[in-house]
Amino acid sequence: MIPQPVYILFGAAFTVAVSLALGRMLLRALGLRLHRTEEGFLAFVTGGACLSALIFWLAVAHWLYKGVLLALGAAVLVAAWRQGAHRRSPSPLPPLEPFWKRLFAVVIAAYTVLYFANAMAPEISADGTEYHLGLVARYLRERGFPRITTNMYASLSQGVELLFLYAYAFGRHSAAALVHFAFLAALPFGMIAWARRFGVPAAGVAGALLFYLSPVVGIDGTSAYVDVAVAAVAFAVFYLLQLWDRERAAGYLVPIGLLSGFAYAAKYTAFVAFPYAVVFVAWKLRQARQPLWRPLAVLSLCAALIAVPWAAKNWIVVDNPFSPFFNAWFRNPHVHVSFEEEYRWHMRHYPGLASYAEIPLEVTVRGHVLAGLLGPVFLLAPLALLALRWPQGRRLLAAAGVFGATYFANIGTRFLIPAAPFVALAMAMVLTRTPGIAPAVVVFHGLISWPSHIKMYADPYSWRLERVTWREALRLIPEEEWLRRRLPGYSIARMIEDSVPAGEKVFAWQRVAEAYTTREILVAYTAAFNHTLGDILWTPLIPAYHPVWRFTFQFEPQRLRKLRVVQYGRSKTELWAVNEFRIQGESDPLPRRPAWRLTAQPNPWEVDLAFDGNPATRWRSWEAMRPGMFVEVDLGEATMVSRVVLECSQDHGQTRLKLEAMDGAGRWKLLGEPQFSDASAPEDLRRRATQAVKAHGVRYLLIHDSDFRAEDFRMRAAEWGLRFLGERAGARLYRIE
Numbered sequence: 000m001i002p003q004p005v006y007i008l009f010g011a012a013f014t015v016a017v018s019l020a021l022g023r024m025l026l027r028a029l030g031l032r033l034h035r036t037e038e039g040f041l042a043f044v045t046g047g048a049c050l051s052a053l054i055f056w057l058a059v060a061h062w063l064y065k066g067v068l069l070a071l072g073a074a075v076l077v078a079a080w081r082q083g084a085h086r087r088s089p090s091p092l093p094p095l096e097p098f099w100k101r102l103f104a105v106v107i108a109a110y111t112v113l114y115f116a117n118a119m120a121p122e123i124s125a126d127g128t129e130y131h132l133g134l135v136a137r138y139l140r141e142r143g144f145p146r147i148t149t150n151m152y153a154s155l156s157q158g159v160e161l162l163f164l165y166a167y168a169f170g171r172h173s174a175a176a177l178v179h180f181a182f183l184a185a186l187p188f189g190m191i192a193w194a195r196r197f198g199v200p201a202a203g204v205a206g207a208l209l210f211y212l213s214p215v216v217g218i219d220g221t222s223a224y225v226d227v228a229v230a231a232v233a234f235a236v237f238y239l240l241q242l243w244d245r246e247r248a249a250g251y252l253v254p255i256g257l258l259s260g261f262a263y264a265a266k267y268t269a270f271v272a273f274p275y276a277v278v279f280v281a282w283k284l285r286q287a288r289q290p291l292w293r294p295l296a297v298l299s300l301c302a303a304l305i306a307v308p309w310a311a312k313n314w315i316v317v318d319n320p321f322s323p324f325f326n327a328w329f330r331n332p333h334v335h336v337s338f339e340e341e342y343r344w345h346m347r348h349y350p351g352l353a354s355y356a357e358i359p360l361e362v363t364v365r366g367h368v369l370a371g372l373l374g375p376v377f378l379l380a381p382l383a384l385l386a387l388r389w390p391q392g393r394r395l396l397a398a399a400g401v402f403g404a405t406y407f408a409n410i411g412t413r414f415l416i417p418a419a420p421f422v423a424l425a426m427a428m429v430l431t432r433t434p435g436i437a438p439a440v441v442v443f444h445g446l447i448s449w450p451s452h453i454k455m456y457a458d459p460y461s462w463r464l465e466r467v468t469w470r471e472a473l474r475l476i477p478e479e480e481w482l483r484r485r486l487p488g489y490s491i492a493r494m495i496e497d498s499v500p501a502g503e504k505v506f507a508w509q510r511v512a513e514a515y516t517t518r519e520i521l522v523a524y525t526a527a528f529n530h531t532l533g534d535i536l537w538t539p540l541i542p543a544y545h546p547v548w549r550f551t552f553q554f555e556p557q558r559l560r561k562l563r564v565v566q567y568g569r570s571k572t573e574l575w576a577v578n579e580f581r582i583q584g585e586s587d588p589l590p591r592r593p594a595w596r597l598t599a600q601p602n603p604w605e606v607d608l609a610f611d612g613n614p615a616t617r618w619r620s621w622e623a624m625r626p627g628m629f630v631e632v633d634l635g636e637a638t639m640v641s642r643v644v645l646e647c648s649q650d651h652g653q654t655r656l657k658l659e660a661m662d663g664a665g666r667w668k669l670l671g672e673p674q675f676s677d678a679s680a681p682e683d684l685r686r687r688a689t690q691a692v693k694a695h696g697v698r699y700l701l702i703h704d705s706d707f708r709a710e711d712f713r714m715r716a717a718e719w720g721l722r723f724l725g726e727r728a729g730a731r732l733y734r735i736e
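For what it's worth, numbering that gives the first Met the number 0 labels the leading residue of the sequence shown as 0, then goes sequentially.
What follows is the structure in structure tokens.
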């Protein structure tokens, strides 16, 4: 039996080798004159973009079989061998001084041991286990892209995750993490190659080490995250632009375009790579009075080849090319506008951060609130501004500004990683001007960034590596044992796997380690459908959600074709909601009929909830109240109506309503405003809520002890109509009976 580490290493090495081969074949076919070290870095990153694009189309065709992936890689490697792409360029870069070479070798070796062991250990990172690899595993199970409308993370561009998928197919979770580590290991060599090419070799070594030793870079780059890979792509775009500017070889525009598109495919916030490349090329060509349109067309076309398929996929699947954002522009039933606004706000205002003035200390020294730290040395980052004295310093700082421009869309520390290589190099350019300062800073950075030393100054809960994990990496400690000990979500995922039949869905308010279960988890905040289920389950628990307000429109019986209740109040925080829309005929209530046509503005997709006869469900606008919102029913034919009653919750006190109606002749008229009254909430709201969830095709609930009113589900399970199935790591699993 082949040991598990062999599969892990093969999956990662095979992915890296195929990427490198694709990149070398492309760069050499374009006739680009690259030195040995820079060709390796640029070929790996460019080839990774090409391999990711190939896997995308295999996923579209549902050909994600291990045999197909193996054959693709073998074909690439054979073609590269026949073309001689395996032979390294004979042209070296200017040599490094022996001191800097030795310093780099010693420091990089120590940290590479730490990083490699952690990358190869079982994957326990939050995002890695909860969605990056959870989606990768699902794509492989279903042989391609399924239609996922209940997980906003499936709508994010996933160019790097497709490289993870390639490795995962052979070596599972740790192989994927090792692919990300490959980007981490390659980037310092790319930074040094750039510095040697452009005449600042000492700054290259110092800057590369400042970046590589950063604690947040280490933990991110050894997990199945994507931020370090994005940094490598961003730096490769920058590097290629500098080479193009120096040589003006048209062939450079192809990899520049591909990587600009891949930056978007890797992470939405890296979209700035494309406008950066376009503006840089256009500016330089204009200065030289050279034609613009053909070079820009080549660059743009290559970028589109990588980026546009991701936008097209979203447009087809979730009706929004930029989902889960811009939902007010591209309205759809899959992401609520109010959720997007709330999500954006939370990404800019992390709990525990009193003001933005605390960010410098949080991202450099503390590391808990913003999840990770760059290291105290980066408190010297303002020194980088002194690099403005030199042309290369100005270019580095311009790139840092571009790739850091999106930081305040999410103020987590790791969102600074794409800009960090440029800042580190600019800092190093300044520090190396004074003999002895740069080596001292690098050594100090290395010492205080080692896991056992970080705890002396950083927050105990900062996101960082803790130690070298060779026994775990080599599986001398069984993977199952390690995961159960270090990842609480693993036990929960296995409980779900054991207790929930295949094909069933599980609703949860918190994310689960989906990479370790094959069941579909509907997390409340990750899609409109899930969000609505959560709202239904909260209705019995929150008095303000109870349907106890009655708005009654009473009028002389008359034949009407359409009824429209219009809301004309305004609030920045409240959402309009209707639990039940009841229509009274001449003497009896009108039952809902198949001929009725229902609509609402906004959110027409959930209007059925106001007509389903269940007071635990409600239609909500999911947008802040404004005049002109309405709920409308077309009765199909002129019908005798004498009264309309809206049963509503109490959480939108600024509501102002009026009733408009269309008669049989097609004429609209105002029937007036309602009378208001209070009523009692139904006693069986809990049971009605779970039955509504079940009617939506979800029979299993996962309730964590830390969830809102979790004790109510535990103590009153019978009233909810729930059967307890098991408990692991502070989470209880129920089935709706």
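Positions of the beta carbon are idealized from the N, C-alpha and C atoms, including for glycine.
Cutting at 8 Å between CB atoms, please list the residues of its own chain near residue i, excluding the five before and the five after it.
i           : result
residue 408 : 268, 343, 346, 347, 414
residue 382 : 426, 429, 430
residue 92  : 34, 35, 36, 37, 192, 195, 196
residue 610 : 579, 580, 591, 595, 597, 632
Quick test of your reading: residue i and residue j, contact by CB under 8 Å. State the CB separation rounded to the nearest angstrom.
i           : j           : result
residue 702 : residue 720 : With a Cβ gap of about 14 Å, residue 702 and residue 720 do not count as contacting.
residue 596 : residue 663 : Not a contact, Cβ separation roughly 16 Å.
residue 410 : residue 216 : Wrong, their Cβ atoms sit about 17 Å apart, outside the cutoff.
residue 227 : residue 262 : 13 Å between Cβ atoms; not a contact.
residue 170 : residue 358 : Not really, about 38 Å apart at Cβ, beyond 8 Å.
residue 232 : residue 11  : About 18 Å separates the two Cβ atoms, so there is no contact after all.
residue 521 : residue 504 : 6 Å
residue 305 : residue 257 : 6 Å
residue 582 : residue 640 : 6 Å
residue 148 : residue 278 : That pair is no contact at about 36 Å.
residue 623 : residue 573 : 7 Å
residue 396 : residue 386 : 6 Å
residue 254 : residue 25  : 7 Å
residue 551 : residue 644 : 5 Å
residue 201 : residue 418 : Not quite, the Cβ-Cβ distance comes to about 22 Å (not below 8 Å), so this is no contact.
residue 646 : residue 578 : 5 Å
residue 363 : residue 350 : The Cβ separation is near 20 Å, so there is no contact.
Output yes or no for whether 7 Å exceeds the beta carbon distance between residue i and residue j.
i           : j           : result
residue 172 : residue 122 : yes
residue 518 : residue 491 : no
residue 660 : residue 589 : no
residue 737 : residue 127 : No information on residue 737 is available, as it lies outside the stretch 0 to 736 that the chain covers here.
residue 684 : residue 615 : yes
residue 530 : residue 335 : yes
residue 535 : residue 691 : yes
residue 444 : residue 212 : yes
residue 704 : residue 725 : no
Short of 6 Å in beta carbon distance, which residues of its chain neighbour residue i, apart from the five on each side in sequence? Order them along the chain.
i           : result
residue 142 : 61, 63
residue 657 : 565, 672
residue 297 : 252
residue 737 : Nothing in the structure corresponds to residue 737, since the chain is present only between 0 and 736.
residue 584 : 639
residue 90  : 34
Excluding the 5 residues flanking residue i on each side, which residues of the same chain have their C-beta closer than 7 Å to its C-beta?
i           : result
residue 405 : 268, 271
residue 103 : 204, 208
residue 679 : 547
residue 389 : 428
residue 68  : 165, 168
residue 328 : none
residue 77  : none
residue 608 : 616, 617, 618
So if DSSP puts residue i in a beta bridge, which residue, or which two residues, is it bridged to?
i           : result
residue 224 : Partner(s): none; residue 224 has no beta bridge.
residue 632 : 562, 597
residue 703 : 730
residue 662 : 559
Whether or not the stretch 121–136 and the stretch 322–336 are in contact is what I'm after, with contact meaning three or more pairs of Cβ atoms, one per stretch, closer than 8 Å; do they touch? no
With three or more C-beta pairs closer than 8 Å as the rule, is the stretch 288–303 touching the stretch 366–386? no
Answer yes if the stretch 691–699 comes into contact with the stretch 670–683, meaning at least three C-beta pairs across the two stretches below 8 Å, and no otherwise. The stretch 670–683 and the stretch 691–699 do not touch, with fewer than 3 CB-CB distances between them shorter than 8 Å.
Counting pairs of Cβ atoms below 8 Å between the stretch 40–51 and the stretch 178–190, do you hit three or more? yes
At least 3 beta-carbon pairs within less than 8 Å: the stretch 107–125 vs the stretch 451–471: yes
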